[in-house]
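Chains D and W, in that order, give the protein sequences.
When we follow the UniProt record's numbering, the leftmost residue of the first sequence carries the number 1, and every step to the right adds one.
When we follow the UniProt record's numbering, the leftmost residue of the second sequence carries the number 1, and every step to the right adds one.
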Amino acid sequence: MSTDDLTDDLTRNTANAPPELLTRSFFFLCAVLSIFVTIGIIGLLVTEAAKFFSITAPLMGVEGPTASVVDFLTGTEWIINNEQFGVLALVTSTLMVTFGSALIALPLGVGTAIYLSEYADPQLRAVLKPALEILAGIPTVVYGFFALIYITPALRVVFPSIGTFNLLSASIVVGIMIIPMVASISEDAMSAVPDDLRQAGYGMGATKFEVSTGIVVPAALSGILSSFILALSRAIGETMAVTVAAGAQAKFHNPFNPAAYLDGGSPMTATMVNLLTGDVTGGGLAYRSLFAIGLTLFVITFAMNVISELIAQRYREEY
Amino acid sequence: MSQENMSNDNVESATEDPTDDDMILETDVAAGLEEGSETVRTARERSIVEANGINVWYNDEQALQDITMSVPENQVTAMIGPSGCGKSTFLRCINRMNDMIDAARVEGELYLGEKNVYDPDVDPVALRRRVGMVFQKPNPFPKSIYDNVAYGLKIQDIGGNHDEIVEESLKRAALWDEVKDQLDESGLDLSGGQQQRLCIARAIAPDPEVILMDEPASALDPVATSKIEDLIDELAEDYTVIIVTHNMQQAARISDKTAVFLTGGELVEFDDTKTIFENPEHERVEDYITGKFG
């Protein structure tokens with residue numbers, strides 16, 4: 001090869017060749033589009049919710065009835081016909097279902113993950129893990145009916161006073177629903193723990209249990225905690241199952257009273273579904289309350305995601 | 001097997017831990033009870049690990065062929081040989097780490113003290129509590145330096161003052177001065193060489209009978225390597241160290257005895273390190289040592 005050819009070759013600018021430019025612009029557009037859509041939705045949520053509150057409605061140029069922010073955030077009665085919009089009645093139901101489902105899903109999910117990652121032999125894991133992920137693919141409305149038709153009657157055997165719609169069956173079914181999420185993400189985190197660490201543990205004379213719980217789980221803690229937060233976010237945002245199982249009767253419960261679980265309630269998501277499927281029409285106060293609830297829900301799940309990110313950073317181990 | 005260069009006169013002392021009664025090294029009792037074991041015992045008196053016809057297969061492939069050797073107590077025994085010669089496999093037979101490889105099958109007898117560790121009544125977990133191991137790649141737990149060293153004490157429920165044992169172990173591992181002010185920090189924040197010395201401290205904290213080292217310096221730079229080598233030298237005053245290395249100079253520098261494994265999983269020669277390197281019996285060993293092969 002002559003030196004001229006070599007120089008030509010070495011100075012070819014591949015980074016700005018047309019195919020490179022084209023693909024780069026395409027991927028850039030994809031990124032811009034998804035970010036734009038997200039920002040658009042948040043913007044819509046905020047502006048519509050602003051029309052709901054008396055403090056911001058004049059700024060939006062809205063005439064007519066509005067609701068006070070303080071009443072919204074501290075009120076415990078949610079009765080649309082009375083124009084009582086106390087979101088706490090909804091938030092407590094949501095948090096109770098979230099807490100109840102966490103009680104079921106976190107231990108079972110982590111236990112499942114430990115079994116899959118540390119105990120199951122490879123053939124068994126190859127069957128079990130996809131099976132678990134199928135559980136995550138069941139439509140959530142099916143879970144709701146499952147709760148209504150099977151779980152609640154079963155619970156009635158133990159608690160005769162339980163309502164047809166109740167927070168306990170909603171908690172159980174949402175718990176079952178988020179097990180795969182906890183198990184799958186935790187299992188990924190545990191499998192990513194280098195085998196060197198297990199070897200070190202066994203070399204020290206640790207039992208399988210000591211290696212699993214004393215070495216692998218702490219080493220995978222950031223992933224496990226992230227799976228918790230993601231699963232809880234999912235539980236908070238879960239809609240169809242709780243709408244079917246918990247009912248539509250907005251009711252404030254003392255969240256620290258276990259007996260309240262036997263009663264029905266209307267979590268935020270269920271309330272929104274019921275508002276939408278009822279005869280709420282555009283423009284009214286009830287309609288705008290949808291966005292106020294939506295914004296509340298968004299703030300809660302957004303905070304969860306931020307916490308998840310912080311936890312992941314705090315406990316991230318570099319092996 | 002030559003025993004004449006043993007320097008330690010009192011082999012019964014030191015390493016017995018009176019609190020640990022679940023294991024196997026009740027040397028004097030066992031010997032006293034068994035009639036006619038006197039000769040065996042004399043022969044073994046100064047050996048702590050004794051392999052008798054160890055064969056290992058990985059699936060159908062034989063990795064070790066009929067290994068018979070006895071490792072003297074309180075000395076450094078090096079195992080050298082080309083890649084795939086089975087030296088690491090043999091090391092992992094001693095604490096039964098091969099048990100965890102499904103494809104591996106071990107036959108033969110391997111005595112730690114007076115007990116064949118492949119006897120059905122030996123619990124590999126209990127065995128590993130008496131045999132420390134240091135791996136090729138430093139593998140401290142993602143825990144604090146203190147918790148790394150105290151790990152064996154905790155899982156074995158060893159009493160006593162853990163703070164003192166941790167300090168003593170770190171001093172023996174020549175790491176104390178570098179980490180004494182940061183015991184609460186993660187072991188992973190240390191440099192590679194420090195991590196490996198931390199792993200050595202972790203291995204010696206429960207006071208094992210034998211320390212196995214699988215190429216412990218091969219992932220380290222020359223300065224860190226030299227520190228580890230000095231350390232191994234000092235450890236041999238109190239411990240029996242069995243070290244696998246692919247580095248012949250290292251074996252020559254640090255070991256009292258050298259075993260040469262050659263391809264096919266054969267133990268070709270086992271003798272004083274000086275003899276192996278200066279006047280080996282087998283031509284194949286000489287070829288390997290001088291670099292003609294392997």
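All C-beta atoms, glycine included, are put in the ideal place defined by N, C-alpha and C.
Every value quoted in this text rests on a predicted model; they were computed, and no experiment measured them.
Kindly indicate which three-state DSSP category residue i falls into: helix, strand or coil?
| i | result |
| --- | --- |
| M213 (chain W) | strand |
| L33 (chain W) | Its pLDDT being 38, under 50, L33 (chain W) is placed unreliably by the model, and the measurement read from it follows with that caveat. In this structure, L33 (chain W) counts as helix in the three-state DSSP scheme. |
| Y239 (chain W) | coil |
| T263 (chain W) | coil |
| I162 (chain D) | coil |
| residue 323 (chain D) | Outside the modelled stretch of chain D, which goes from 1 to 319, sits residue 323 (chain D), for which no answer is possible. |
| D99 (chain W) | helix |
| N116 (chain W) | strand |
| D195 (chain D) | helix |
With a threshold of 8 Å between beta-carbons, can residue i be considered close to chain D, or not?
| i | result |
| --- | --- |
| K137 (chain W) | yes |
| Q196 (chain W) | no |
| T27 (chain W) | Confidence is the limiting factor: at T27 (chain W) the pLDDT is only 41, short of 50, which leaves the residue's position unreliable, though a coordinate-based value still follows. Chain D, which has no Cβ nearer than 8 Å to the Cβ of T27 (chain W), makes this no. |
| P142 (chain W) | yes |
| R46 (chain W) | no |
| G159 (chain W) | no |
| Y151 (chain W) | yes |
| R202 (chain W) | yes |
| M133 (chain W) | yes |
| Q156 (chain W) | yes |
What number of angstroms, rounded off, separates the C-alpha of residue i from the C-alpha of residue j?
| i | j | result |
| --- | --- | --- |
| H282 (chain W) | R253 (chain W) | 21 Å |
| P258 (chain D) | V157 (chain D) | 17 Å |
| T7 (chain D) | T14 (chain D) | 14 Å |
| A174 (chain W) | L21 (chain D) | 57 Å |
| A31 (chain W) | V122 (chain W) | Its pLDDT being 39, under 50, A31 (chain W) is placed unreliably by the model, and the measurement read from it follows with that caveat. If I take the Cα positions, the gap works out to 18 Å. |
| T207 (chain D) | S117 (chain D) | 15 Å |
| D207 (chain W) | K154 (chain W) | 13 Å |
| Q84 (chain D) | T94 (chain D) | 19 Å |
| A183 (chain D) | P107 (chain D) | 9 Å |
| T38 (chain D) | F27 (chain D) | 17 Å |
| L310 (chain D) | T269 (chain D) | 26 Å |
| F141 (chain W) | R92 (chain W) | 20 Å |
| A105 (chain D) | R105 (chain W) | 41 Å |
| A192 (chain D) | V110 (chain D) | 15 Å |
| L73 (chain D) | Y115 (chain D) | 43 Å |
| S54 (chain D) | V306 (chain D) | 30 Å |
| T243 (chain D) | S101 (chain D) | 15 Å |
| T39 (chain W) | K143 (chain W) | With a pLDDT of 38 at T39 (chain W), under the threshold of 50, the modelled position of that residue is not reliable, and the figure given next carries that caveat. Distance between the alpha carbons of T39 (chain W) and K143 (chain W): 48 Å. |
| E234 (chain W) | G132 (chain W) | 16 Å |
| D163 (chain W) | P255 (chain D) | 45 Å |
| F145 (chain D) | T213 (chain D) | 37 Å |
| I145 (chain W) | P194 (chain D) | 19 Å |
| E229 (chain W) | E278 (chain W) | 21 Å |
| V216 (chain D) | M190 (chain D) | 6 Å |
| M69 (chain W) | R130 (chain W) | 20 Å |
| I138 (chain D) | V173 (chain D) | 12 Å |
| V49 (chain W) | M304 (chain D) | 56 Å |
| L10 (chain D) | I242 (chain W) | 54 Å |
So with Cβ pairs under 8 Å, would you call residue i a contact of chain W?
| i | result |
| --- | --- |
| L116 (chain D) | no |
| L197 (chain D) | yes |
| residue 374 (chain D) | Nothing about residue 374 (chain D) can be reported from this structure: the residues present for chain D run from 1 to 319 only. |
| A200 (chain D) | yes |
For the ligand PLP, any of its heavy atoms closer than 7 Å to the Cβ of residue i?
| i | result |
| --- | --- |
| S226 (chain D) | The ligand PLP is not part of the structure shown, which contains no ligands of any sort. |
Are the Cβ atoms of residue i and residue j separated by less than 8 Å?
| i | j | result |
| --- | --- | --- |
| T140 (chain D) | M177 (chain D) | yes |
| I204 (chain W) | S226 (chain W) | no |
| M240 (chain D) | R128 (chain W) | no |
| G192 (chain W) | A224 (chain W) | yes |
| A245 (chain D) | S266 (chain D) | no |
| I211 (chain W) | V125 (chain W) | no |
| K257 (chain W) | P72 (chain W) | yes |
| L148 (chain D) | Y261 (chain D) | no |
| T263 (chain W) | P120 (chain W) | no |
| L197 (chain D) | A219 (chain D) | yes |
| E266 (chain W) | Q65 (chain W) | yes |
| T296 (chain D) | V87 (chain D) | yes |
Determine the chain C residues that contact residue i at a beta-carbon separation under 7 Å, and present them in chain order.
| i | result |
| --- | --- |
| R129 (chain W) | The structure shown contains no chain C; its protein chains are D and W. |
Positions along the stretch 208-240 of chain D whose CB lies within less than 8 Å of some CB in chain W: E210, G214, I215, P218, A219
Going along the stretch 103-126 of chain W in order, which residues come within less than 8 Å of chain D, judged by CB to CB distance? V125, A126
For the stretch 70-86 of chain W, which residues have a beta carbon sitting closer than 7 Å to at least one beta carbon of chain D? none
If you measure beta-carbon to beta-carbon, which residues of the stretch 208-220 of chain W are closer than 7 Å to chain D? none
Which residues of the stretch 89-103 of chain W have a Cβ closer than 8 Å to any Cβ of chain D? Give them in chain order. N95, M97, M100
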